[in-house]
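Colleague: Submitted below is the structure of interest, expressed as structure tokens.
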Amino acid sequence: MEEEHIMKNPVFLAGLSTACLAALTIAAPAAGGDTFPDRPIKLILPFSPGGNPDTVSRILAQEMGKRLKQAVIVENRAGANSIIASELVAKAPADGYTLLYTTGSHVINPLLYKSLPYDTAKDFVPVVLVGSTRGQVLVVTPSLPVKTVQDLVKLAKPANSNIPYGSAGIGNTMHLVAEYFNYKAGTHLVHVPYKGAAPAMNAVMSGEVKLAFLNPVSAIEQVKSGTLRAIAVTGSTRFPQLPDVPTMEEAGVAGYEVQGGWQGALAPAGTPPEIVAKLNRAFNDALASPAIKERLASMGLDVAGGSPQDMANYLAKETATYTDIMQAARIEKQ
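Per numbering that gives the first Met the number 0, the very first residue in the sequence shown carries number 0; after that it's consecutive.
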């Protein structure tokens with residue numbers, strides 16, 4: 000009877016439940032972030048192979064794989080100005096195994112399109128800002144008879160000049176800075192969109208289009224080899240790697256200044272904070288590697304790193320900047 004009384008005692012039962020829960024917690028395998036990752040991670044890239052985000056993402060993926068002890072695989076899903084890749088990640092399981100490695104198009108698309116198959120603000124969480132450039136480089140094919148920005152302005156002022164420029168897609172940073180140039184310089188350059196920065200650069204190199212605004216990672220090597228000619232940079236200062244190339248302001252386009260593009264990683268909304276934190280640490284550890292830092296710097300990328308909140312703050316500023324650019328250049332939502 001005494002034993003039966005003890006077994007029915009609510010205090011005893013509560014204690015037993017607590018003890019059982021504690022035992023289960025100890026015995027159960029670590030959950031969530033403690034076991035992550037236990038299979039390969041995919042970085043979904045919205046561009047074709049060969050462009051600068053592709054190169055940088057693969058450098059980081061290899062280093063992160065060593066640190067996480069799991070393969071990190073870059074998967075190219077080019078097209079629709081990053082919308083295809085972004086939708087894929089937005090609708091992926093929020094478990095940290097599918098990330099979006101993206102660029103300025105992420106903040107530009109909501110400003111450019113009336114409707115998207117995802118909500119940029121609600122369907123993603125920042126992981127890390129990888130880095131940014133100090134501006135873009137205006138390059139021309141050597142067959143175009145211009146040596147300076149003013150040469151280009153003179154050639155492209157007439158409405159029927161029909162000088163084509165390439166970009167990585169409608170609404171891409173390459174597109175917007177070119178249209179901003181048209182607005183500021185009074186030119187009539189004609190837009191030819193491609194599926195990524197690499198095809199756009201190849202089009203300039205082949206002469207299929209006559210110019211493009213390239214990020215320095217893509218431009219510097221081609222300029223130094225003589226394949227392309229650089230006539231200006233869009234930022235507030237000259238690039239150390241291209242000391243003889245003036246800023247737009249120096250080249251005579253008053254009030255034209257656009258800082259460079261960025262690269263970073265995002266996860267689907269709802270990804271557990273501990274998993275986001277582990278991914279953030281892996282990115283930051285990779286970016287802290289002296290060899291990687293030197294390699295990215297040589298390509299014109301200023302390494303950022305930092306917390307997810309740092310990236311969120313940066314994206315808010317980028318949104319404000321491109322809102323102003325689109326209004327100034329009179330680019331309407333499609």
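We treat Cβ as the ideally placed atom computed from N, Cα and C, and that holds for glycine.
Remember, it's a predicted structure, so these values are computed and weren't measured experimentally.
Could you pull the start and end residues of the alpha helix (DSSP H) that I58 belongs to?
Modeller: That run of the alpha helix (DSSP H) goes N51 to L67.
Colleague: Could you give the first and the last residue of the continuous alpha helix (DSSP H) run that contains K153?
Modeller: Per DSSP, K153 belongs to the alpha helix (DSSP H) from V148 to A155.
Colleague: Buried or exposed for S114, going by 16 or more other Cβ atoms inside 10 Å?
Modeller: Classification for S114: exposed.
Colleague: Going by DSSP, what residues sit across from A218 in a beta bridge?
Modeller: Answer is none; A218 lacks a bridge partner.
Colleague: Looking at E86 and Y346, is the spacing between their C-beta atoms short of 9 Å?
Modeller: Outside the modelled stretch of the chain, which goes from 0 to 333, sits residue 346, for which no answer is possible.
Colleague: Are the CB atoms of F35 and D94 within a distance shorter than 9 Å?
Modeller: It is a contact, given that the beta carbons lie within the stated cut-off.
Colleague: Hey, S81 and S104 are a contact pair by Cβ (cut 8 Å); roughly how many whole angstroms apart?
Modeller: Between S104 and S81 the Cβ distance is about 4 Å, and since that is below 8 Å, they are a contact.
Colleague: Hey, how far is the Cα of A197 from the Cα of A218?
Modeller: Distance between the alpha carbons of A197 and A218 is about 11 Å.
Colleague: Does the distance from the CB of V257 to the CB of G134 come in under 9 Å?
Modeller: Going by C-beta atoms, V257 is nearer than 9 Å to G134.
Colleague: K316 by DSSP, collapsed to three states: which one?
Modeller: Helix.
Colleague: What did DSSP end up calling K183 once you bin it into helix, strand or coil?
Modeller: Helix, per DSSP.
Colleague: Return the chain-ordered ranges of every alpha helix (DSSP H) run that is complete within the segment 84-159 and spans a minimum of 4 residues.
Modeller: DSSP runs (the alpha helix (DSSP H)) wholly in the segment 84-159: 104-111 and 148-155.
Colleague: DSSP state of L278, grouped into three classes?
Modeller: Helix, per DSSP.
Colleague: On the CB-based measure, 16 or more other CB atoms within 10 Å of its CB, does A84 come out buried or exposed?
Modeller: Buried is the call here.
Colleague: Counting only the same chain and skipping the five closest in sequence on each side, list residues whose C-beta sits under 8 Å from that of E317.
Modeller: Answer for E317: G103, V106 and W261, listed in chain order.
Colleague: Using C-beta distances below 6 Å, list every residue in its chain close to A311, excluding the 5 sequence neighbours before and after it, in chain order.
Modeller: Cβ within range, chain order: P125.
Colleague: DSSP has S166 in a bridge; who is on the other side?
Modeller: Beta-bridge pairing links S166 to P192.
Colleague: Tell me the DSSP secondary structure of I40 in three-state form.
Modeller: Looking at I40 - three-state DSSP - the assignment turns out to be strand.
Colleague: Taking the DSSP output, what are the residues bridged to A231?
Modeller: Partner(s): L137.
Colleague: I'd like the span of the beta strand (DSSP E) that includes L339, first residue to last.
Modeller: In this structure the chain extends from 0 to 333, so residue 339 is not present and cannot be described.
Colleague: With a threshold of 8 Å, are at least 3 pairs of Cβ atoms found where one atom belongs to the segment 50-59 and the other to the segment 220-230?
Modeller: The segment 50-59 vs the segment 220-230: no contact.
Colleague: Looking only at DSSP bridge pairs, what is F212 linked to?
Modeller: According to DSSP, which records beta bridges pairwise, F212 is partnered with L137.
Colleague: Between H190, K209 and P45, which has its C-alpha nearest L154's C-alpha?
Modeller: Comparing Cα positions, the closest option is K209.
Colleague: Should the segment 162-174 be called in touch with the segment 295-309, which here means at least 3 C-beta pairs below 8 Å?
Modeller: No contact exists between the segment 162-174 and the segment 295-309.
Colleague: If I'm right that Y96 touches I43 with Cβ under 8 Å, what's the distance once you round it to whole angstroms?
Modeller: With a Cβ gap of about 11 Å, Y96 and I43 do not count as contacting.
Colleague: Tell me which same chain residues have a C-beta within less than 6 Å of the C-beta of F212, skipping the five on either side of it?
Modeller: Q135, L137, M173, V176 and A177, listed in sequence order.
Colleague: Which first and last residues belong to the beta strand (DSSP E) in which N75 is found?
Modeller: Run containing N75: V71 to N75, per the beta strand (DSSP E) assignment.
Colleague: Helix, strand or coil for P267? Go by DSSP, reduced to three states.
Modeller: Here P267 sits in strand by DSSP.
Colleague: So is R228 buried or exposed if we call it buried at 16+ other beta carbons inside 10 Å?
Modeller: When all chains shown are included, R228 counts as buried.
Colleague: With DSSP collapsed to three states, give me the class of T172.
Modeller: T172 falls in the helix class under three-state DSSP.
Colleague: For a quick check, are the C-beta atoms of A263 and N283 less than 9 Å apart?
Modeller: Here residue 263 turns out to be Gly, not Ala, going by the sequence shown. No, the pair does not count as a contact, with Cβ atoms beyond the cut-off.
Colleague: If you draw a straight line from the C-alpha of E248 to the C-alpha of D309, how long is it?
Modeller: Straight-line Cα distance between these residues: approximately 30 Å.
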